[in-house]
Structure formats: structure tokens, C-alpha cells
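Note that the sequence shown ends on residue 68 in numbering that gives the first Met the number 0; no numbers are left out. Glycine included, each C-beta is placed from N, C-alpha and C at the ideal position.
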Amino acid sequence: MYKIVKNKVTNELLNIILRLSDNAFIPFDPANTDYQQFKKDIMAGGELQDADGVVMTPEAAQEFVKGLP
0 MYKIVKNKVT NELLNIILRL SDNAFIPFDP ANTDYQQFKK DIMAGGELQD ADGVVMTPEA
60 AQEFVKGLP
């Protein structure tokens with residue numbers, strides 16, 4: 000499971016994803032293997048939470064991932 004991260008002061012989305020299993024921050028870097036795995040997991044139906052902790056529908060999560068680098 001993953002979570003979108005936002006700046007708590009400005010509410011702007013950050014260019015990182017939080018992997019909840021180990022609290023690792025994954026940068027939006029196509030060369031990063033964790034980032035590649037995140038995208039594969041979500042496209043295969045993995046769970047993604049929005050920045051407020053609400054679980055996104057698989058379709059919404061996949062649309063989010065499609066818009067990433």
C-alpha cells in the first residue's frame with residue numbers, strides 16, 4: 000500500500016510517494032527501481048491512498064499513475 004504525500008503547510012502534492020509497509024519515501028524518478036515497482040503495483044490493482052489517507056478506487060489510482068513521469 001502506498002500514500003500520496005503533500006506539504007502540510009501549503010497542501011501542495013510533493014514529488015514523492017510513501018510506501019506504508021516500511022515508511023520509505025519514493026521519489027518520482029523513472030530510474031528508481033522502487034518507483035518503477037510502485038507504478039507496476041498500482042497498475043496491477045495495488046492500493047493507493049490520497050494525501051488525506053482515503054483509499055482511492057483502483058481506477059482513480061491508475062489515472063493518477065498515468066499522469067506521472
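Rank the options by C-alpha distance to the C-alpha of residue i and give the top, closest one.
i     : options                    : result
Arg18 : Glu11, Glu58, Ala43, Tyr34 : Tyr34
Would you grab the beta carbon distance between residue i and residue j for me? Rounded to a whole angstrom, and I think it's under 8 Å.
i    : j     : result
Val4 : Lys38 : Contact flag wrong, Cβ pair sits at about 16 Å.
Along the chain, where does the alpha helix (DSSP H) containing residue i start, and where does it finish?
i     : result
Ala60 : 57 to 65
Lys39 : 32 to 42
Expressed to the nearest angstrom, what Euclidean distance is found between the alpha-carbon atoms of residue i and residue j?
i     : j     : result
Met0  : Val8  : 24 Å
Asn6  : Pro26 : 14 Å
Ile15 : Ala30 : 14 Å
Gln36 : Ala60 : 14 Å
Phe66 : Asp49 : Sequence check: residue 66 is Gly here, not Phe. When rounded, the distance between both Cα atoms is 15 Å.
Val54 : Gly44 : 12 Å
Between which two residues does the beta strand (DSSP E) holding residue i run?
i     : result
Leu19 : It is not in any beta strand (DSSP E) - Leu19 carries neither H nor E in the DSSP assignment.
Lys7  : First-last for Lys7: undefined, no H or E at that position.
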